[in-house]
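The structure appears below as structure tokens.
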Amino acid sequence: MKLNIDKKIGNQRLKVEFPKDEETKKKEYIEWMRKEGAGCQIYEKIDDKVTKNKAKIKIVPNGVIISSPPENDKKIPWDKIVGSERWTYNSLKINLVKDIEGLESPIIYLTNCYSAIYIVDMINESAKGVDEEGWS
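Each residue of the sequence shown is one higher than the one before, starting from 564 at the first, in this note's numbering.
So this is what it looks like as structure tokens:
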């Protein structure tokens, strides 16, 4: 917990701030990712065209939810996710098991993601999919 002390001693103002410990920061970030999600852009193949749409990724206890128009939410359970990795500085790709209904590719590309490195870590901690045919 962040502790702020703001006191006036005599004619001087004393401001002291104690930083949060790493465990508290991580818990708060996980909670934020479940409630709010991180904004990003998703590359999707729709009708043989690759499109780039705004999206939001949420990490929830059961898996990953990617919301993007015009499609409905993509709810991907942990057992369908092999893992993820950073693609560029603020981009990532999520490697999936083969043949997920409704997805044309076993890889989801997300760009312009806020905190991409943390999202990758959170996905890799929980991914349970098995990469049987080299799809990652």
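C-beta atoms are modelled at their ideal positions from N, C-alpha and C, and glycine is treated no differently. Note that this is a predicted model, so its numbers are computed, not measured.
Asked                                                                                                  : Found
Cα-Cα separation between residue 683 and residue 649, rounded to whole angstroms                       : 7 Å
Opposing strand residues paired with residue 623 [DSSP bridges]                                        : 626
Status (buried if at least 16 other CB within 10 Å, exposed otherwise) for residue 602                 : exposed
Between the CA atoms of residue 617 and residue 672 - distance to the nearest angstrom                 : 12 Å
Secondary structure of residue 679, DSSP reduced to three states                                       : helix
Proximal residues to residue 600 (C-beta, below 7 Å), its chain only, five neighbours per side dropped : 619, 620, 621
Among 661, 675, 655, nearest to residue 686 - alpha-carbon criterion                                   : 655
C-beta atoms of residue 703 and residue 658 nearer than 8 Å                                            : Residue 703 is absent from the model: the chain starts at 564 and stops at 699.
Spatial distance of residue 637 from residue 624 (CA atoms)                                            : 15 Å
DSSP three-state assignment for residue 592, whether helix, strand or coil                             : helix
Where the beta strand (DSSP E) containing residue 647 begins and where it ends                         : 644-651
Rounded separation between residue 596 and residue 689 - CA only                                       : 14 Å
Residue 660 to residue 628 span [Cα, whole Å]                                                          : 16 Å
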